[in-house]
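K.L.:
Below, the structure is given as C-alpha cells:
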C-alpha cells in the first residue's frame, strides 16, 4: 500500500524503516537533496540516482511562480518535467512565504503574498496548495503551516499552532489523490507544551506522516535537538518523521539519534557551490592555498564518482578559475557524503550498533575541527 | 606508430582519416571541444566520452598562468589533472597573446606579455611553449605563431609569415618527446601568395600535421573558406589538416568540404551557456517565449542524453530561473550535435556520398533560417 511505513528496526530512539511511495520505496533514515526550482542545483537527475539519492524535495512557492502549475501539468507532472522518476516531496510554500515578512498578509483564510520575482499578488490557502501539489503528481505533499521565526512570544507561537492545525485539517479535507500523501507539520517553537498541543492535534487527523517544522530558524543546536527529540516522542511509532532544514553530517546524525527518519537542507549543495567541502572528518574551503597541490581526493574515505577521479588540486583550480564544473563536482560530492552517511546509519541501526556508530562519527568530525 | 595519419577515403576534397595519437586514435574529420582552462566548461569528462568527443583542446596561455606548469606536472600531466584519458591538443598560446594587443611586445625572440589575471610579466618563446606542452604530456602541441587580425597590410602579414616560420623551425628543434606531436600553423591572411609561402616553408619542416590559422578573425565567410580551400591544397595529403576556430554546423560542413580534418571552437559551449540551441535545422534561443510550453526535445532529430530526457520547456525554465543545469545541459547537447554531424560526415565520405550529404545538411539548416 502506498504510504505504508514499515519500521524495520529500532536502536535507542534511532529508527530504520521503509516508506512505500507512488514512485518507489524510500529506505529511512534518508537525506533529501533540495531541488527548489525543479532542479537540484547543477546536477543531472541520473547523477542523483548514482550518488544514492532516493527522494528529492522541490518547493511549491518557487514552482507556483515559475514555471507555474499549467506548464508542469502540461509536461505530465513534475517527475516528467524535471526528468526524475523517483519520489518527490514538495513543501507547502508556507516556510518561504513566511520568510517574505513585509510582503505577506496572513489570516485564517490563508496567506496573501507578493512574488519576489515580479511583485505580482498571490494567495496560498490550505486547499490550493494541496491542489497544486497533487497537480504536480508528487509523492508527498506538505500541509500549509505557519512558521514562526525565533525568538518569539508565546502568544505568537500559540497562534501559529492554532492556525497550523486549522489549515492541516482543511488540507486533509481537500485531498483528492491517493498517490500523493499529505504530511502535517508540527509547530510550537521551543515551547514543549505547545509542541505537545500541536502534535496531539495533528496526530488526531491521522495523517500518513509528520514533519517537525519551525526549527533551524535561529535557535541553538541544543535547543533544536532538545525540541526535536521531545517532539519525536509525541509522534506515532508507525508513521515517518521528517525534520525540516537539517543537512550537515553532524546534524543528520543527531537527528537520527532523536528518532527522525527524513531530512532536507540546501546546505550540501550551497556549500558545493561556494567551495566548501563536506567530509566525514569535517569541512574545509577548497580554495584555501593548502589545496592547490593536494592531489588527494576531496575526501580520501569517499568512493563517489568525483573522489574516484578528481583531486583537491583540480577542484581548487576550477574554483579559482571560476569554472562551473567546480560547483557541480563539489555539490555532487557533498550530497554523496550525506548519502553514504545515511546508508551507513541505516546499516548500523539494523545491526543494533547505532550508539557506537554515532560516537565514532562524531569523534571523526571533531578530530579535524568540524565548525 | 604514434602520429601516423591514415587517409581512409576521399570524396571530392573531403577526407576520411585516422590519426593515431599517444592516448588513442582520432577518427577524422573531427570536432574538438574546447577546454580552455583544463575543463570543457560545465561538462564532466565522462560526458564528453558519452557524447562522442575524441579529443579536446586546452590552452597553453591559460594553463601557463593558472594553475601553472608545476601543478600540472605534479598531478602527473594534464590528462590526470583534468580526468580525461583520451587525446588532448593544446594551442601554443600565440593566438591568445596576440589578442592581448596593448599588453604584449613581440620580437624574433618571442613575445612578452602581461597576464590578464594579475598583470604579471611573462614571455613565450618557441622553445618554452614546446617545453610547456610536452611537460603537460599532451598528444598534439601547436607551434608558436603570429596571428594577424584582419584586415591588415600585406607587409604586416608577410612579417607574420616570416616570424611564424622562424618560430616553427625553433619549435621543431626544441622537441624532446615522441609522445607529443608538433603541428605547424600556416599564416598569410587572405593573401594566397603569402599562404603559399607559409605552407611551403612549414611543409619543408616535415611536421606531422598542419593547422590553418589566422582565419575566423574578422573576414567574411566566403573569404574564410576560399582561403582555407586554397591553403588545404598546399598541404601534404598524408598529414592531418586542422582549421582553427570553426564550430557551427554549417562551418564544419564547409570546412570538411575544403579538405580539413580537424576543427575546434568555443562556439557550441559558449552558445550552450548563453541559451542558444544548435540543431541540424538551425539555431534558436531557448529562452524565447515560444518554448516555455514546448515539450519536444531541443532537437527532435537528436538522440543525445539531453534530448532523450529533457524538453525545450524544461531547459527554457532552467535558463529563466538562472539555474546552472541549463547551461550544462545545452552545452552537452550542442557538442553532441557537432559530434553526430562529424560521425555522419565520416560515414558519408567513406560511402562516397559526401556531396549529397553536404547538400542535404545545408538545405536542412536553411529550411529554418540558420543565422
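Protein chains in written order, with this note's numbering: chain A, 548 to 918; chain B, 548 to 918. Note that the Cβ used here is the ideal one computed from N, Cα and C, for glycine as well. As the structure is a computational prediction, the values presented were derived from the model and not from experiment.
1) In whole angstroms, give me the CA-to-CA distance for residue 687(A) and residue 810(A).
2) What does a CB cutoff of less than 7 Å around residue 561(A) pick up in its chain, not counting 5 residues either side in sequence?
3) For the beta strand (DSSP E) holding residue 553(B), just list the boundary residues, first then last.
4) Pick from 659(A), 583(A), 868(A): whose alpha carbon is nearest that of residue 675(A)?
5) Measuring only the C-alpha atoms, how far is residue 733(A) from residue 745(A)?
6) Could you check the C-alpha separation between residue 494(B) and residue 830(A) for me, to the nearest Å?
7) Under 9 Å, do residue 612(B) and residue 581(B) count as touching if we go by C-beta distance?
8) Should residue 628(A) be flagged as near chain B, meaning a C-beta pair shorter than 9 Å?
9) Looking at the structure shown, is residue 819(B) part of a helix, part of a strand, or coil, going by DSSP?
10) Starting from the N-terminal side, write out each stretch of the alpha helix (DSSP H) that is 4 residues or longer and does not extend beyond the segment 774 to 843 of chain B.
11) When you compare only the Cα positions, how much space is there between residue 760(A) and residue 781(A)?
12) Strictly under 9 Å for the Cβ-Cβ distance: is residue 860(B) near chain A by that measure?
13) Residues of the segment 865 to 899 of chain A with a CB closer than 8 Å to any CB of chain B: list them in chain order, please.
14) Less than 9 Å between CB atoms is the rule here; does residue 663(A) satisfy it with respect to chain B?
15) Distance check for residue 648(B) and residue 665(B), CA to CA, integer angstroms please.
16) Would residue 822(A) pass as an interface residue toward chain B - the criterion being a Cβ-Cβ separation below 9 Å?
17) Cutting at 6 Å between CB atoms, please list the residues of its own chain near residue 898(B), excluding the five before and the five after it.
18) Contact criterion: CB-CB distance below 9 Å. Does residue 588(B) meet it with respect to chain A?
19) Could you check where the beta strand (DSSP E) with residue 857(B) kicks off and where it finishes?
20) Name the two residues that bound the continuous alpha helix (DSSP H) containing residue 618(A).
21) Please report whether the beta-carbon of residue 591(B) lies at a distance below 9 Å from any beta-carbon of chain A.
22) Would you call the segment 788 to 796 of chain B and the segment 748 to 764 of chain B touching, i.e. three or more CB-CB distances under 8 Å?
23) With a floor of 4 residues, list each alpha helix (DSSP H) that falls wholly inside the segment 631 to 703 of chain B, ordered by position along the chain.
24) Please report the straight-line C-alpha distance between residue 740(B) and residue 751(B), rounded to a whole angstrom.
25) Pull out every residue of the segment 608 to 627 of chain A whose Cβ sits closer than 7 Å to any Cβ of chain B, in chain order.
26) So, helix, strand or coil for residue 753(A), using DSSP?
27) Once you ignore the five residues that flank residue 769(B) on each side, which residues in its own chain have a CB closer than 6 Å to its CB?
28) So which residues on chain B does residue 584(A) lean against when the C-beta distance must stay under 7 Å?
29) Measuring only between beta-carbons, confirm whether residue 637(A) sits less than 9 Å from chain B.
30) Does residue 573(A) have its Cβ less than 9 Å from a Cβ in chain B?
31) Using a Cβ-Cβ cutoff of less than 7 Å, which residues in the same chain neighbour residue 594(B) once the five nearest sequence positions on both sides are dropped?
32) What are the boundary residues of the beta strand (DSSP E) that includes residue 571(B)?
33) Could you pull the DSSP bridge partners for residue 728(B) from this structure?
34) Please compile the residues from chain B whose C-beta is within a distance smaller than 7 Å of the C-beta of residue 839(A).
35) At the level of alpha carbons, what is the spacing between residue 855(B) and residue 555(B)?
36) Do residue 691(A) and residue 719(A) have their C-beta atoms closer together than 9 Å?
P.N.:
Taking the definition as stated:
1) 13 Å
2) 803, 804, 806, 896, 901
3) 552 to 558
4) 659(A)
5) 6 Å
6) Because chain B here runs from 548 to 918, residue 494(B) falls outside it and cannot be looked at.
7) no
8) yes
9) helix
10) 796 to 804, 814 to 821
11) 14 Å
12) yes
13) 865, 867, 868, 870, 871, 872, 874, 875, 876
14) no
15) 16 Å
16) no
17) none
18) yes
19) Run containing residue 857(B): none; DSSP gives neither H nor E here.
20) 616 to 621
21) yes
22) yes
23) 641 to 645, 673 to 683
24) 17 Å
25) 613, 614, 618, 621, 622
26) coil
27) none
28) 868, 870
29) no
30) no
31) 879
32) 571 to 575
33) 687(B)
34) 614, 618
35) 33 Å
36) no
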